[in-house]
Structure formats: structure tokens, C-alpha cells
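Chains A and B, in that order, give the protein sequences. Each residue of the first sequence is one higher than the one before, starting from 200 at the first, in our numbering. Each residue of the second sequence is one higher than the one before, starting from 104 at the first, in our numbering. Okay, so here's the structure we're looking at.
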Amino acid sequence: MMIPHRRTVLLGAASAVLAAPAARAQLTIDMTKPSFEPVPIAIVDFQGDAIGAQMATVIRNNLQNSGLFRSIPPASFIEHNLGASAQPRFPDWRQIGASGVVVGSVTSSGGSLKVDFRLWDVIAGAQATGLSFTSQAANWRRLSHIISDAIYKRVTGEDGYFDTRVAYVSETGPLNNRVKRIAIMDQDGANNRYITDGATIAITPRFSPTLQEIVYMAFGENKGPPRVYLQNVDSGRRELMGNFPGMSFAPRFSPDGSRIAMSLSQDGRTNLYEMDVRGRSQRRLTNSSAIDTSPCYSNDGSQIVFNSDRGGSQQLYVMPSGGGGERRISFGDGRYATPVWSPRGDYIAFTKIGSAGFGIGIMRPDGSGERLLANGFLVEGPTWAPNGRVLMFFRQDRGGGVGLAAIDVTGRFERRVPTPTDASDPAWSPLIPQ
Amino acid sequence: MTRKHDMQMIKKIAALAALMLIAACSNNNNNSNEPPSASTSVAPGSIGDFRQNVGDRVYFDTDMSSIREDGRATLARQAEWLKKYTNYPITIEGKCDERGTREYNLALGERRANAARQYLVAQGIPASRIKTISYGKERPEVVGSDEGSWARNRVAITALE
Numbered sequence: 200m201m202i203p204h205r206r207t208v209l210l211g212a213a214s215a216v217l218a219a220p221a222a223r224a225q226l227t228i229d230m231t232k233p234s235f236e237p238v239p240i241a242i243v244d245f246q247g248d249a250i251g252a253q254m255a256t257v258i259r260n261n262l263q264n265s266g267l268f269r270s271i272p273p274a275s276f277i278e279h280n281l282g283a284s285a286q287p288r289f290p291d292w293r294q295i296g297a298s299g300v301v302v303g304s305v306t307s308s309g310g311s312l313k314v315d316f317r318l319w320d321v322i323a324g325a326q327a328t329g330l331s332f333t334s335q336a337a338n339w340r341r342l343s344h345i346i347s348d349a350i351y352k353r354v355t356g357e358d359g360y361f362d363t364r365v366a367y368v369s370e371t372g373p374l375n376n377r378v379k380r381i382a383i384m385d386q387d388g389a390n391n392r393y394i395t396d397g398a399t400i401a402i403t404p405r406f407s408p409t410l411q412e413i414v415y416m417a418f419g420e421n422k423g424p425p426r427v428y429l430q431n432v433d434s435g436r437r438e439l440m441g442n443f444p445g446m447s448f449a450p451r452f453s454p455d456g457s458r459i460a461m462s463l464s465q466d467g468r469t470n471l472y473e474m475d476v477r478g479r480s481q482r483r484l485t486n487s488s489a490i491d492t493s494p495c496y497s498n499d500g501s502q503i504v505f506n507s508d509r510g511g512s513q514q515l516y517v518m519p520s521g522g523g524g525e526r527r528i529s530f531g532d533g534r535y536a537t538p539v540w541s542p543r544g545d546y547i548a549f550t551k552i553g554s555a556g557f558g559i560g561i562m563r564p565d566g567s568g569e570r571l572l573a574n575g576f577l578v579e580g581p582t583w584a585p586n587g588r589v590l591m592f593f594r595q596d597r598g599g600g601v602g603l604a605a606i607d608v609t610g611r612f613e614r615r616v617p618t619p620t621d622a623s624d625p626a627w628s629p630l631i632p633q
Numbered sequence: 104m105t106r107k108h109d110m111q112m113i114k115k116i117a118a119l120a121a122l123m124l125i126a127a128c129s130n131n132n133n134n135s136n137e138p139p140s141a142s143t144s145v146a147p148g149s150i151g152d153f154r155q156n157v158g159d160r161v162y163f164d165t166d167m168s169s170i171r172e173d174g175r176a177t178l179a180r181q182a183e184w185l186k187k188y189t190n191y192p193i194t195i196e197g198k199c200d201e202r203g204t205r206e207y208n209l210a211l212g213e214r215r216a217n218a219a220r221q222y223l224v225a226q227g228i229p230a231s232r233i234k235t236i237s238y239g240k241e242r243p244e245v246v247g248s249d250e251g252s253w254a255r256n257r258v259a260i261t262a263l264e
């Protein structure tokens, strides 16, 4: 069924020279190159059932929002009613400048959906990839995201990130008395729901690797100190994590989900601790009189990056995940905060606070190669897409509201991520287990 | 005038200048650091009395948690009042401006609340009487994205139940 990638690329290039007078974009993209054109792609409404048009809309939004694709408006299509079983009339698609065309057929029966989809390489005149699945009809959005991921992978050579969720802090009410509650939505903003009731401020949500649980910090009733809670997403059952005397906060799961690192403040000192999720044993990781917070495990779980003001100002430090041997990795002007290790292991993203404003940046785990991607009056709290190619963070305008934004690691495309309310503190989930 | 007298005079003037400087610093900071002129509308020993005539809050410099000169004066008045009226449980609330990151500011607020607590304890208030809580930048006292608002949000508030 699938033609090997390399061969398709070569054929595509050759066909373009033979068949097209104008240069055409190939159905492949190297996103690590300093410059590239988004791949023009036509996504035809899936045939056979009314849900097919909605699935095509979800796929168009996903690919367009990635910045790597340009979704050609359906109004300009020449060939219509194209399903998964027929071969496209390639000249019709070349004429509107498409490099790829996505088609699908949907059959629904008794609450289940059968979906066939194909991605055609218009220049090569051949199928590039295709999938077929059966699922409950209620899963049509997820199927659309899985198809989007398949297209992304075929064209970029890397795993996609569309079949994911985002946990964040929903903010409502006046700025000096905000209701802050944890919400979860699909990465495209659909299926938004609230996980906490807003009775007390809840912030800094993080997903477990299975997405079954989130860990976050919430204030207690009646001026009770902030503490870390573990909550089952589906059942809503929540448990206090750790029996610490002071304020505990800034939790984050280890990549295998077995441990949670967090901060504990007592008598003006803030140190890092680690806790076993199941056994509940806890151990101290740092022992300083400074503020050590925002811990994040490396992708393999062997190291922890965190920020500390032990040297006088907030900077990033890396240590083995068992503690000890902390070494500073940030040395630029300004303060560095909220480090997050890429799931690929190649970068650490951070918030930078300079005299001119806030920035979102990346550096290698040894501190080299620092690059700022976004800046503004306040940008804070980056979180990685599971493929390590996109960051989400929050952006607040001076004196104004706050919302989510996403940017790719090259810093080319920043876009607003829609949420029903003001939003902060996003946490991007891993790919949803299939 | 002898040389010795001259030196003494210079010392006196210097001391006076230093006092004036401190007073100027206090005035430059926010007005609510200064106890307003005694009001007759609140009962002595009431929470209103504490807020209006003693001053319930001390302010901090950017990213700092050391008690400033003006804050010391406020905390000294607080200690004096709290020793007189011993029936109030005390919670010191630490807060930060919006120019820091969320998690760090939670820790910084705790450090500020703790600095105020330590000062009161050193003045003779029992440690067991004082709780602390940090709101970081989650509950600003003043809404505004300007230096004046930020200065009033870098605060430790002595709240009485």
C-alpha cells in the first residue's frame, strides 16, 4: 500500500519537472531547515456521511495551525465528491497548486464509524499513505486527529501531536479576586471541561504519562496553605500528595509516572522533594536556604532541571534526579525560570525575565545554543508538544487578559490557542494512548 | 567654638540629616505605611484600630524579602499593639507583583511573610501565634500594570482573625 518515503520524494521531484511548468512544492518538508514554504494541501470533505465534512474541518484546522501546511480553500477545488476509493484527477489538483490531496469515506452503522482515508501525492500521482479504522461514532474528533497525525508524519517524517489534550488554568472574575480552576480540553480547544470547582485557587496542572491523572496545586479552604493534589481525571477522586508541614507546590511527574517532584516551603526556604506516587515515600533532593522550584525531569528521568536563586538571582540548574551535584546552566543577562525538558531530550525551554520584558526561549541541556522564540509584556510557562517541535505558553498583555499561545521551535509561527475563558499555565499531554 | 564643639555639631547635623533621610524614604513609599492620624471612629483594640492606627502591611523592593526601614517601624508598632491585645490569631499573607513567574513568586511570597513573622517574633510575639501563607502573584492587592501598583503588591499583610 505505502510507497517508501524516499522513492516518493524522488518521483515527486521528477514528475514536477516533467508535468508542471511552474515549480511545485513537494509533499515533504524538512522543518529543521532555516526556511521553507508550507506544503499546500487539499482536504476534501469525507464522503458517505454528514460527519465527513466535520472531520475534514478538524483536519484542515490542525494542519493549518501547525504552520507547516497551507490548507487550500475547498471553494477553489475543481474535482468534487471525491471519496477514498477513486483515484483523483491529478491535473485538477495540480492546477490549484496542491501538493497533496486528502480524501476519505465514512460509513456509519449502529453507533459505529468505519473510516478510510488516503493521502495522495499529487506531483507523483501516487498514494502517499492511507489508514482504515472502525470506532464508536462519538470518537469522530479523535479519528480526525489521528488522521492529522498520520498526514503530519508522512510529510515531516516526525510524529504528530494532534491526538493530545491540554490542561490549563481557567481564569474568570476580577483581576484581584480571580476564580482559577483546572480545565482540560483537546489540543484544538474542543471538549473543554473543568476538573476543579473553583472554590479555592488551583494552578499548575501537569498530566501523568497515561493522561489518567493530573497533579496540581490548590489553596485550602479558610486560608489553608497551598498543597499538591493528585486527581483522577475521569472519576474526579483526589488525594493530597505528601504530608508536609508548610506550603507544597510546583509538582511534576517523572516521565514513567512513578514519581512526582515538587517544592516545599518552610521558614522562608524552598527546597525540592520527590515522592513515590504509589508508595508515598518522600525524600529531599536539595538542601539550600534559597528558593529551589519548578523542577522538571529529563526525558529519560535521570536528571532534573529547576530554577534557584541560590546564586543571587533566579537561574537554571541541572542535577541527577536523586539530588546532589547541582550545576548552573544559564548564564545570560536576566533571570531564568520554569525550565521544561523536551520529550526529545534535545532542548530545555524556559521563561526569561529581562529588563525589557519576558521571553520564552530554548537552550541545550548543557546551557549552550540559547535562543529566544517569543517575547512580550508577560509570556510565561512553556510546555512541550509530545514531538518536541511546538511549545505552548501563556501571554498576558499589559493590564489586560491572559490567554494561551503556541509557537514552533524555530520561532516562525506563533498563534493564539482558543479557550472559552481567560487561560494560563498550559500543560500539553503526551499522545493519547490508542 | 572649639574644634571639639565643631565636631559634635557636625555629628548632630549628620544624625539629623540621616533621620530626615529615613523620614523621606518612608514618605516616598506608600502612604499606607504611615499610621494615619489617630482616628476616633474605631475602638481601641479592634481590627479596625490595628489597620488604621498601626498599619497592617509592609512593602518590599523588587525580588527582595528583606524588611525595609519603613517596614521595621510598622512591624515595631504591630508588635507593641499585638502584645497589648493578645486575643487575635495572626496570619501573615505574603504577596508579589506580576513581574515574576508563578511558582517562584509563591516561594517569594512565603519568604516575605516569613521575614515579617521573624521580625514580630524577635519583638516578643510568640511564634506559635503567627501563621503564614503565600499568595504569590495569585491575589494582587491592587490591579494595575505599573510600578505604583507593583510596589503595593510586594507586600506582607498582618491579618487578624
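Glycine is no exception: its CB is placed at the ideal position from the N, C-alpha and C atoms.
CB of residue i within 9 Å of CB of residue j, strictly
i          : j          : result
Ser-462(A) : Leu-471(A) : yes
Ile-528(A) : Ala-548(A) : no
Ile-240(A) : Arg-269(A) : yes
Leu-374(A) : Ala-349(A) : no
Arg-482(A) : Ser-457(A) : no
Gln-595(A) : Ile-552(A) : no
Arg-242(B) : Arg-377(A) : yes
Gln-225(A) : Ile-322(A) : yes
Arg-205(B) : Thr-469(A) : no
Thr-363(A) : Ile-559(A) : no
Asp-466(A) : Asn-217(B) : yes
Cβ-based neighbour list, residue i, same chain, cut-off 8 Å, excluding 5 preceding and 5 following
i          : result
Arg-563(A) : Asp-545, Tyr-546, Ile-547
Asp-455(A) : Pro-408, Gly-500
According to DSSP, residues forming a beta bridge with residue i
i          : result
Lys-649(A) : There is no way to answer for residue 649(A), as the model of chain A reaches only from 200 to 633.
Gly-324(A) : The partner list for Gly-324(A) (beta bridge, DSSP) is empty, contrary to what the question assumes.
Gln-595(A) : Leu-577(A), Val-601(A)
Thr-469(A) : Ser-464(A), Ile-490(A)
Thr-177(B) : In the DSSP output, where bridge partners are listed per residue, Thr-177(B) has none listed.
Asp-333(A) : This sequence places Thr at residue 333(A); Asp is not what is there. Its beta-bridge partners are Lys-313(A).
Gly-299(A) : Ile-240(A), Asp-320(A)
Ile-233(B) : Ile-193(B)
Asp-475(A) : Arg-458(A)
Thr-261(B) : Ile-195(B)
Thr-306(A) : Lys-313(A)
Lys-551(A) : Tyr-535(A), Gly-558(A)
Asp-385(A) : Arg-364(A)
Span of the alpha helix (DSSP H), counted from its first residue to its last, around residue i
i          : result
Val-608(A) : From DSSP, Val-608(A) is part of no alpha helix (DSSP H); its letter is neither H nor E.
Ile-258(A) : 250-264
Val-432(A) : Neither: Val-432(A) is in no alpha helix (DSSP H) and is coded neither H nor E.
Ser-347(A) : 339-355
Ser-507(A) : Premise fails: Ser-507(A) lies in the beta strand (DSSP E), 502-507, not in any alpha helix (DSSP H).
Val-145(B) : Counting along the chain, Val-145(B) falls outside any alpha helix (DSSP H), and DSSP gives it neither H nor E.
Arg-293(A) : 289-294
Endpoints, the beta strand (DSSP E) within which residue i is located
i          : result
Gln-514(A) : 514-519
Glu-196(B) : 193-198
Asp-621(A) : 621-627
Thr-231(A) : Run containing Thr-231(A): none; DSSP gives neither H nor E here.
Gly-560(A) : 557-562
Tyr-535(A) : 534-540
Pro-404(A) : 401-406
Ser-252(B) : Per DSSP, Ser-252(B) belongs to no beta strand (DSSP E); it is in the alpha helix (DSSP H), 250-256.
Lys-241(B) : According to the sequence provided, residue 241(B) is Glu. The question's Lys does not apply to it. Premise fails: Glu-241(B) is in no beta strand (DSSP E) and is neither H nor E.
7 Å Cβ shell around residue i - same chain, five flanking residues per side excluded
i          : result
Ser-304(A) : Phe-245, Gln-246, Gly-247, Gly-282, Ala-283, Ser-284, Asp-315
Ala-182(B) : Leu-223, Gln-226, Gly-227, Ile-228
Lys-352(A) : Asp-358, Gly-359
Asp-475(A) : Ser-457, Arg-458
Ile-277(A) : Asp-291, Gln-294, Ile-295
Glu-244(B) : Lys-198, Arg-255, Asn-256, Val-258
Asp-607(A) : Gly-266, Arg-588, Val-589
Chain-order list of residues whose beta-carbon lies under 6 Å from that of residue i (same chain, five-residue window excluded)
i          : result
Val-368(A) : Lys-379, Ile-402, Ser-623, Asp-624
His-204(A) : Caution applies to His-204(A), whose pLDDT of 31 falls short of 50 and renders its modelled position unreliable; the model cannot decide the point.
Glu-473(A) : Arg-458, Ala-460, Arg-482, Leu-484
Pro-192(B) : Glu-264
TODO: Check distances from the C-beta atoms of the stretch 457-475 of chain A to those of chain B and list, in chain order, the residues that come in under 7 Å.
DONE: Ser-462, Ser-464, Asp-466, Gly-467, Thr-469
Open item on the list: At a CB distance below 9 Å, what residues from the stretch 216-234 of chain B approach chain A? Give them in sequence order.
Closed with: Ala-216, Asn-217, Ala-218, Arg-220, Gln-221, Lys-234
Open item on the list: For the stretch 499-530 of chain A, list every residue whose C-beta sits within 7 Å of some C-beta in chain B, in sequence order.
Closed with: Asn-506, Gln-513
TODO: Compile a chain-ordered list of the residues in the stretch 534-562 of chain A whose CB is closer than 9 Å to at least one CB of chain B.
DONE: Arg-534, Ala-536, Thr-537, Thr-550, Ile-552, Phe-557
- [ ] Below 7 Å between beta carbons is the criterion; list the residues of the stretch 444-458 of chain A that meet it against any residue of chain B, in chain order.
- [x] Met-446, Phe-448, Ala-449
- [ ] Anything in the stretch 237-248 of chain B with a Cβ closer than 9 Å to a Cβ of chain A? List those residues in chain order, please.
- [x] Ser-237, Tyr-238, Gly-239, Glu-241, Arg-242, Pro-243, Glu-244, Val-245, Val-246, Gly-247, Ser-248
TODO: For the stretch 192-210 of chain B, enumerate the residues whose C-beta is nearer than 9 Å to any C-beta of chain A, in chain order.
DONE: Thr-194, Glu-196, Glu-201, Arg-202, Gly-203, Thr-204, Arg-205, Glu-206, Tyr-207, Leu-209, Ala-210
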